[in-house]
Amino acid sequence: MEKLKTWMLTILVVLSLLQSYLLAYSMPGIGATISTTQDYVNTVLMGSEENVENLIFPEDLVLHMGEGRHTVLYPAMNFYDRIYERIRGREFKGFQRSSISAVNWDEVRDLDQGVELRFGRGVPVELLSKVIKLEGDLLFLNDVIDRIWIFKKNESNEVRTYFFSADSNTVYESVRADLTAQDIGTYVGFGEYQTLYAPVEDEIYIPLEPVQSVEAVVGYRSYSAEQMQGNLFFDPAVTRAISNRSGSQIYTDGKRGLQVDQNGKWISYTDPVARQEVEDNISENVYASIGFINQHGGWDGLHRFVYPGPIDSTQAQMIRYQQYYGNYPIVPKEPFLFGDMRLRLQQGAVSEYERSLLTLEDRAEHKAVRWLPGGEMLEKALADYARRGEATALYPALIASPQGDGRIQFEPAWVVRLTDGTQEVLMMALKGHKKPLPGEPGGGPLMDSDKGNASAGDIPK
Numbered sequence: 001m002e003k004l005k006t007w008m009l010t011i012l013v014v015l016s017l018l019q020s021y022l023l024a025y026s027m028p029g030i031g032a033t034i035s036t037t038q039d040y041v042n043t044v045l046m047g048s049e050e051n052v053e054n055l056i057f058p059e060d061l062v063l064h065m066g067e068g069r070h071t072v073l074y075p076a077m078n079f080y081d082r083i084y085e086r087i088r089g090r091e092f093k094g095f096q097r098s099s100i101s102a103v104n105w106d107e108v109r110d111l112d113q114g115v116e117l118r119f120g121r122g123v124p125v126e127l128l129s130k131v132i133k134l135e136g137d138l139l140f141l142n143d144v145i146d147r148i149w150i151f152k153k154n155e156s157n158e159v160r161t162y163f164f165s166a167d168s169n170t171v172y173e174s175v176r177a178d179l180t181a182q183d184i185g186t187y188v189g190f191g192e193y194q195t196l197y198a199p200v201e202d203e204i205y206i207p208l209e210p211v212q213s214v215e216a217v218v219g220y221r222s223y224s225a226e227q228m229q230g231n232l233f234f235d236p237a238v239t240r241a242i243s244n245r246s247g248s249q250i251y252t253d254g255k256r257g258l259q260v261d262q263n264g265k266w267i268s269y270t271d272p273v274a275r276q277e278v279e280d281n282i283s284e285n286v287y288a289s290i291g292f293i294n295q296h297g298g299w300d301g302l303h304r305f306v307y308p309g310p311i312d313s314t315q316a317q318m319i320r321y322q323q324y325y326g327n328y329p330i331v332p333k334e335p336f337l338f339g340d341m342r343l344r345l346q347q348g349a350v351s352e353y354e355r356s357l358l359t360l361e362d363r364a365e366h367k368a369v370r371w372l373p374g375g376e377m378l379e380k381a382l383a384d385y386a387r388r389g390e391a392t393a394l395y396p397a398l399i400a401s402p403q404g405d406g407r408i409q410f411e412p413a414w415v416v417r418l419t420d421g422t423q424e425v426l427m428m429a430l431k432g433h434k435k436p437l438p439g440e441p442g443g444g445p446l447m448d449s450d451k452g453n454a455s456a457g458d459i460p461k
């Protein structure tokens, strides 16, 4: 009887192992295969996946070297990256809130050595804390920061660190930041041989000499509308295509819509979302937008998160990511659509999604040095600009225009950003590859003629 029980137990164990094997490897004939309307075509990842840490970084760094000397560094420049990485490794604690008028910032700017990290329209602290080590109270964590200014007092070498609220009225001082006067001296030292900039109104800086940039022609590959259709619609079997009078192709499954414009190179996706009265959380929407792009198309090159600014509670938030080429942001030449990814969200649900279907080749087909004018020529152009009162920033950018045969041309230009977030070209780069001499149009002043030929820009790789 004992031997019989042993054999039966052995047989049961073997049968159990066999059943586990069959279930694990889905052998034919075991169980049932259920097909639902949620089955969809496998997505095609057009670009790489990203996370929030790589999408949030300063629009530029301003180095204040004392004695009224300043320079500006832009993303992907060697010294920009070195300074930013060092600051990301520091900790900022013990925040104290005060009025922005409590400090004479003009005096700090011109007399004290320091570094200013400028985030354009701002970054919510909750997101900023993912890239910089922050520890503060709820009031601080719920704010939006557009600048971080770290400086050492000229007379005492005391290091002070301030975070500027986007409301333009409030600053937060980190009284426990692990930065030393030696750190500030190192940061400022990186700017010694860069082009000098002079401050004008509205925190805008103008280079005293021309800034080197690059004109490039870059090839691209294009993904098809059918690939995006497979990415975005759960049941292709019920998806139908419609052509409208403007020549756009529209795909719809009865609820969602995908409009394809610009000869198949730009898509606009809509998925109606019921309005909710609950206040939106910008950080939640940013995380949701990044996850959505990771699943539906991916990322092509470097992008920077652009804060949408305060909105009416009845509207869904528009999240935008601006693409860079080399050191500078891409601004498409109208009516060409390229360089941005835009999503409208409410409570983490995406209702609109716009992007290009083009992905740039790794190497440019053609490059040429160009010089962006500086000094009096640029200052006069800004002063005469029709919308000068609305200008909040001035920065070098690359104007993108299609050239046919699968290529895009990038032309350097000075671009202004207005209070509503729009970007307009102020001045294109000078013709030719030769740097203008002091006293020539776009060149520096004659008294600076004995200075070096260092430039503030790096040629994109």
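Residue numbers (full-length UniProt numbering): 1 to 461.
All C-beta atoms in this analysis are idealised placements derived from N, C-alpha and C, irrespective of residue type, glycine included.
Among the options, nearest to residue i - alpha-carbon criterion
i	options	result
residue 98	388, 182, 161 and 85	161
residue 202	137, 120, 193 and 190	120
residue 400	255, 373, 96 and 325	325
residue 123	190, 80, 305 and 188	305
residue 402	87, 263, 8 and 148	263
residue 171	199, 375, 96 and 51	96
residue 69	409, 365 and 196	196
residue 144	435, 154, 168 and 135	168
residue 542	71, 280 and 173	Outside the displayed span of the chain (1 to 461) sits residue 542, for which this structure offers no information.
residue 415	409, 407 and 426	426
Residues that residue i bridges to, as DSSP identifies them
i	result
residue 173	96 and 162
residue 194	Answer by DSSP bridge pairing: none, since residue 194 is not bridged.
residue 200	Paired residues: none, contrary to the question.
residue 329	324
residue 267	260 and 355
residue 207	197
residue 408	218 and 402
residue 113	152
residue 395	415
Assigned exposure category for residue i - 16 Cβ within 10 Å defines buried
i	result
residue 243	exposed
residue 189	exposed
residue 175	exposed
residue 157	exposed
residue 444	buried
residue 11	exposed
residue 152	buried
residue 231	buried
residue 404	exposed
residue 383	exposed
residue 388	exposed
residue 442	buried
residue 433	exposed
residue 323	buried
residue 147	buried
residue 193	exposed
residue 101	exposed
residue 254	exposed
residue 37	At residue 37, the pLDDT of 33 sits below 50, so the modelled position is not reliable; the number obtained from the coordinates is stated separately. Exposed, since its Cβ has fewer than 16 Cβ neighbours within 10 Å.
residue 77	buried
Short Cβ contact (8 Å threshold) for residue i with residue j
i	j	result
residue 346	residue 273	yes
residue 61	residue 84	yes
residue 159	residue 184	yes
residue 310	residue 318	no
residue 187	residue 361	no
residue 222	residue 265	yes
residue 392	residue 422	no
residue 251	residue 292	no
residue 213	residue 429	yes
residue 141	residue 126	yes
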